[in-house]
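Peer 1: Protein chains in written order, with my numbering: chain Z, 717 to 1292; chain S, 25 to 112. Ideal placement from N, C-alpha and C gives every residue a C-beta, glycine not left out. Since the structure is predicted, the reported quantities are computational estimates derived from the model, not experimental observations.
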Amino acid sequence: MDLKLLTYIVVGATFALYIGIAIWSRAGSTKDFYVAGGGVHPVANGMATAADWMSAASFISMAGLIAFMGYGGSVFLMGWTGGFVILAMLLAPYLRKYGKFTVPEFIGDRYYSNAARAVAVVCLIICSVTYVIGQMKGVGVAFSRFLEVDYGTGLLVGMAIVFFYAVLGGMKGITYTQIAQYCVLIMAYTIPAIFISLNLTGNPLPQLGLGSTMAGSETFLLDRLDQMVTELGFREYTTDVRLSGLNMFAYTMSLMIGTAGLPHVIIRFFTVPKVRDARSSAGWALVFIAILYTTAPAVAGMARLNFMQTIEPQPGQHLVYEERPQWFKNWETTGLLGFEDKNGDGRIQYSADKSVNEMVKVDRDIMVLANPEIAKLPNWVIALVAAGGLAAALSTAAGLLLAIASAISHDLLKGMITPDISEKAELRASRIAMAVAIAGAGYLGFNPPDFAAGTVALAFGLAASSIFPALMMGIFSQRVNKEGAIAGMIAGIGVTLFYVFQHKGIMFVASTAFLGDMPANWFLGIEPNAFGVVGAVVNFAVAFGVSALTAKPPEKIRDLVEHIRVPVGAEAAHSH
Amino acid sequence: MSQLSDEQAKAYWQRNLALMVKLLVIWFVVSFGFGIILVDVLNQFQIGGYKLGFWFAQQGAIYVFVVLIFYYTKKMGDLDREFKVEED
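Pasting the structure below:
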């Protein structure tokens, strides 16, 4: 069957499934099923959290980045999983015990200040919008390929669908829909990986395949890969450090603490029935995430190998441009893959040397989607990957947009500005907020600051430098007061934003960058994507400093902190 | 459901912190230690086709993270029961 038609069918079928589940579970249960009576089982919540969490950055973008970064790409693997350890130990159980509806609400209560709550809302919106830009890039890439249009058109189609999907609302809040989305995306990710691993190494488990020998040979796959990339002048795959050890350290730490500071992940832990479930729920979420994250490095290494073998099947024997495979032509249509015959021999030379290299554009974000085609897998697998990528991007984008909407309607309007707002007006405000966020993120997505995973990394840095320290100090210190917390959040996110904007452009518009985006201009050689940890250190330092110089928090705050540290006596779970 | 006295609450919190610190040390060592700082040293060893440091950075650390969370969940469950602060 024709690939395009098949893709429409598979994507359509998965969407029908999500909508069907949403309608079925609404009809079949009462509201209090989600609220007081039962809450959500930790395994189910873990799976839904995994779907919520794994976005276009994880699914579409990450393996492609690792494919070209090699060992340096490990920052994403460790950073985006290690954060759950922090979440499970340092935040989730205590926030669940406190049992409020949104993250800014906790910050406002703990720091007994509406100003702190307002600052948290602003930080939350900045992080979430940046995150949505990354999703838009991923959605744009996916749609441009499968509709066979250029990236810009793909992005517009993606914006329309995200808008429809998020504003439809209810779909996102239902855990069973997200469980279905998890199943679709994990199958879409692992099935092609299993096929490719079998083809290359004879081992069906990609996690083992990457460490195995090539099929019918004594050479290890990774050794072969190292040899191929070094012959073309690239650095060795398994030891290619990302800029410096210090930069990798900062990058990994930023992603980890950013994970623990992103509102749409944290609120998932408000829905479990008990405090102990918040702990195990984080564990289950990580189990389901780890299935994808331990497969990703295999996808990355094998994609790089297949990609290079297609272009240069034998050393010195380059692919004739006119004989290029269909996937190559398809991706050229999107403008995300580009060839320029520099030496006029009609063949494709791929090299680390920029003056010789004729693959002038290889957008990293196409690798996961192109991988099954490059490996010549059957069309139904390719269609499944499209459905998985869209499930990942849409579920996360919808989750983030809801976090933005609730921050504006619940925290800003109802909590502070107009407490007697009607439910209808609150709903309307949140829809307008979503629409504005989609339009803004989509507009910036035409020229995203980085590949999808890189853009998302910036969002993590911003969360790491603002929300995470405020939450952590709120639980672990009784001394940090409202002045300290407010000053800390502003200083942390301010320093990080300033650093990112001076290198990436104000609001990521590249032409407004007043310091070039290059290593020579970076503080201690730390790239903007990795700067969140520095912002977090600034946040902690300022918060403790200012708190020491100003009045102690009132007695009731001390009691509140004592109260959240002990599990017993938590109220029933909130529905989300 | 019992209310903890101040001393008990303090003891409970200290035990929680001690467990946390212990596990966070492991968390740090497998990722930042083995995966980044000591990667060159460990890369002298192989498991299968993987250089060991590379394996920790792209596989091993993730497996350890999963174990850490479940271990913490179990130990905290025990602690909650010991101090009778578990939820029913």
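Run the CB neighbour count on Met1083 of chain Z, radius 10 Å, all protein chains shown included, and call it buried at 16 or more, exposed below.
Peer 2: Buried, since its Cβ has 16 or more Cβ neighbours within 10 Å.
Peer 1: Please go through the segment 903-956 of chain Z and give each complete alpha helix (DSSP H) segment of 4 or more residues, from N-terminal end onward.
Peer 2: List check, alpha helix (DSSP H) in window: 922-925 and 937-947.
Peer 1: Beta carbons nearer than 8 angstroms to chain S: which residues of the segment 930-951 of chain Z have them?
Peer 2: Against chain S - using a Cβ distance shorter than 8 angstroms - the residues of the segment 930-951 of chain Z are Phe936, Leu937, Leu938 and Asp939.
Peer 1: Flag this pair as yes or no: are the beta carbons of Gly854 of chain Z and Gly1105 of chain Z separated by less than 8 angstroms?
Peer 2: Cβ distance < 8 angstroms, so Gly854 of chain Z and Gly1105 of chain Z count as in contact.
Peer 1: So, is the C-beta of Leu1100 of chain Z closer than 8 angstroms to a C-beta in chain S?
Peer 2: Closer than 8 angstroms: no.
Peer 1: For Lys720 of chain Z, name the three-state secondary structure that DSSP assigns.
Peer 2: Reduced to three states, the DSSP call for Lys720 of chain Z is helix.
Peer 1: Can you name, in chain order, every residue of its own chain whose Cβ lies under 8 angstroms from the Cβ of Met44 of chain S, other than the five neighbours on each side?
Peer 2: Excluding positions up to five away in sequence, the list reads Tyr96.
Peer 1: Determine whether the Cβ of Met794 of chain Z lies closer than 8 angstroms to any Cβ atom of chain S.
Peer 2: It does: the Cβ of Met794 of chain Z has a partner Cβ on chain S nearer than 8 angstroms.
Peer 1: Let's test the definition: count the other Cβ atoms within 10 Å of the Cβ of Pro1088 of chain Z and tell me whether it reaches 16, buried, or not, exposed.
Peer 2: By the 10 Å Cβ count, Pro1088 of chain Z comes out buried.
Peer 1: Closer than 7 angstroms by beta-carbon distance: list the chain Z residues that pair up with Glu31 of chain S, in chain order.
Peer 2: Chain Z residues near Glu31 of chain S: none, gap ~13 angstroms exceeds 7 angstroms.
Peer 1: Within the same chain, show all residues whose beta-carbon is closer than 6 angstroms to that of Gly670 of chain Z, passing over the 5 residues directly before and after it, in chain order.
Peer 2: Any question about residue 670 of chain Z goes unanswered here, given that chain Z covers just 717 to 1292.
Peer 1: Kindly list, in the order they appear in chain Z, the residues whose Cβ is closer than 8 angstroms to that of Gly73 of chain S.
Peer 2: Result: Leu926, Gly927, Ser928, Thr929, Phe936, Leu937, Leu938 and Asp939.
Peer 1: So which residues on chain S does Phe965 of chain Z lean against when the C-beta distance must stay under 7 angstroms?
Peer 2: Going along chain S in sequence order, the residues near Phe965 of chain Z (Cβ under 7 angstroms) are Phe56 and Ile60.
Peer 1: At the 8 angstroms Cβ level, is Ser996 of chain Z part of the contact set with chain S, yes or no?
Peer 2: At least one chain S Cβ lies under 8 angstroms of Ser996 of chain Z.
Peer 1: Just mark Leu937 of chain Z as buried or exposed, buried being the case when its beta carbon has 16 or more other beta carbons within 10 Å.
Peer 2: Classification for Leu937 of chain Z: buried.
Peer 1: Using CA atoms only, rank isn't needed, just tell me which of Z:Asn1197, Z:Glu1038 and Z:Ser790 is closest to Arg958 of chain Z.
Peer 2: Selected option, being the one with the closest Cα: Z:Ser790.
Peer 1: Beta carbons nearer than 7 angstroms to chain S: which residues of the segment 780-810 of chain Z have them?
Peer 2: Hits within the stretch, in order: Tyr787, Ser790, Leu793, Met794, Thr797, Gly798, Phe800, Val801, Ala804 and Met805.
Peer 1: Whose C-beta lies closer than 7 angstroms to the C-beta of Gly1158 of chain Z among residues of the same chain, with five residues either side of it excluded?
Peer 2: Here the set comprises Met852, Leu871 and Met875.
Peer 1: Under 8 angstroms: do the segment 798-809 of chain Z and the segment 58-65 of chain S share three or more Cβ pairs, one atom per stretch?
Peer 2: As far as the Cβ criterion goes, the segment 798-809 of chain Z does not touch the segment 58-65 of chain S, which means the pair count is below three.
Peer 1: Thinking C-alpha only, which one of Z:Leu840, Z:Leu901 and Z:Leu1240 is nearest Gly974 of chain Z?
Peer 2: The residue with the shortest Cα to Cα distance from Gly974 of chain Z is Z:Leu840.
Peer 1: Does the beta-carbon distance from Ser1182 of chain Z to Asn1255 of chain Z come in below 8 angstroms?
Peer 2: Contact: yes.
Peer 1: Using a beta-carbon distance below 8 angstroms, is Ala42 of chain S in contact with chain Z?
Peer 2: No, because no Cβ of chain Z sits closer than 8 angstroms to the Cβ of Ala42 of chain S.
Peer 1: Where does the unbroken alpha helix (DSSP H) through Asp102 of chain S begin, and where does it stop?
Peer 2: From DSSP, the alpha helix (DSSP H) with Asp102 of chain S extends over Ala85 to Glu106.
Peer 1: So the alpha helix (DSSP H) Glu1243 of chain Z belongs to, where does it begin and stop?
Peer 2: Run containing Glu1243 of chain Z: none; DSSP gives neither H nor E here.
Peer 1: Expressed to the nearest angstrom, what Euclidean distance is found between the alpha-carbon atoms of Ala1201 of chain Z and Gly1285 of chain Z?
Peer 2: C-alpha separation (whole angstroms): 27 angstroms.
Peer 1: So, is the C-beta of Ala1173 of chain Z closer than 8 angstroms to a C-beta in chain S?
Peer 2: It does not; no Cβ of chain S falls within 8 angstroms.
Peer 1: Here's the rule: buried if 16 or more other CB atoms are within 10 angstroms of the residue's CB, otherwise exposed. What is Trp740 of chain Z?
Peer 2: Answer is exposed; the Cβ neighbour count stays below 16.
Peer 1: Mind checking Gln1033 of chain Z: buried by the 16 CB within 10 Å criterion, or exposed?
Peer 2: It is exposed - the Cβ of Gln1033 of chain Z has fewer than 16 other Cβ atoms within 10 Å.
Peer 1: Output the residue ranges of the alpha helix (DSSP H) runs that lie fully inside the segment 756-841 of chain Z and measure 4 residues or longer, sorted by chain position.
Peer 2: Listed in chain order, they are 758-769, 778-785, 790-802, 808-814 and 819-826.
Peer 1: Mind checking if Phe13 of chain S is an interface residue toward chain Z, Cβ cutoff 8 angstroms exclusive?
Peer 2: Nothing can be reported for residue 13 of chain S, as the shown portion of chain S is limited to 25 through 112.
Peer 1: Using the C-alpha atoms, what's the distance from Asp768 of chain Z back to Ala1102 of chain Z?
Peer 2: Looking at the two C-alpha atoms, the distance is approximately 18 angstroms.
Peer 1: Report the residue from S:Leu92, S:Val90 and S:Tyr74 whose alpha carbon sits nearest the alpha carbon of Pro1013 of chain Z.
Peer 2: Residue S:Tyr74 is the option with its Cα nearest to Pro1013 of chain Z.
Peer 1: From the DSSP output, in three-state form, read off Tyr1066 of chain Z for me.
Peer 2: In this structure, Tyr1066 of chain Z counts as coil in the three-state DSSP scheme.
Peer 1: Which residues in the same chain as Asp993 of chain Z place their Cβ atom closer than 6 angstroms to its Cβ, once the five residues preceding and following it in sequence are excluded?
Peer 2: Same-chain partners within the cutoff: Pro758.
Peer 1: Taking 8 angstroms as the CB-CB cut-off, is Pro922 of chain Z touching chain S?
Peer 2: It does not: the Cβ of Pro922 of chain Z has no partner Cβ on chain S nearer than 8 angstroms.
Peer 1: For Tyr953 of chain Z, which of Z:Glu1199, Z:Gln1065 and Z:Met785 has the nearest alpha-carbon?
Peer 2: For Tyr953 of chain Z, the nearest C-alpha among the options comes from Z:Met785.
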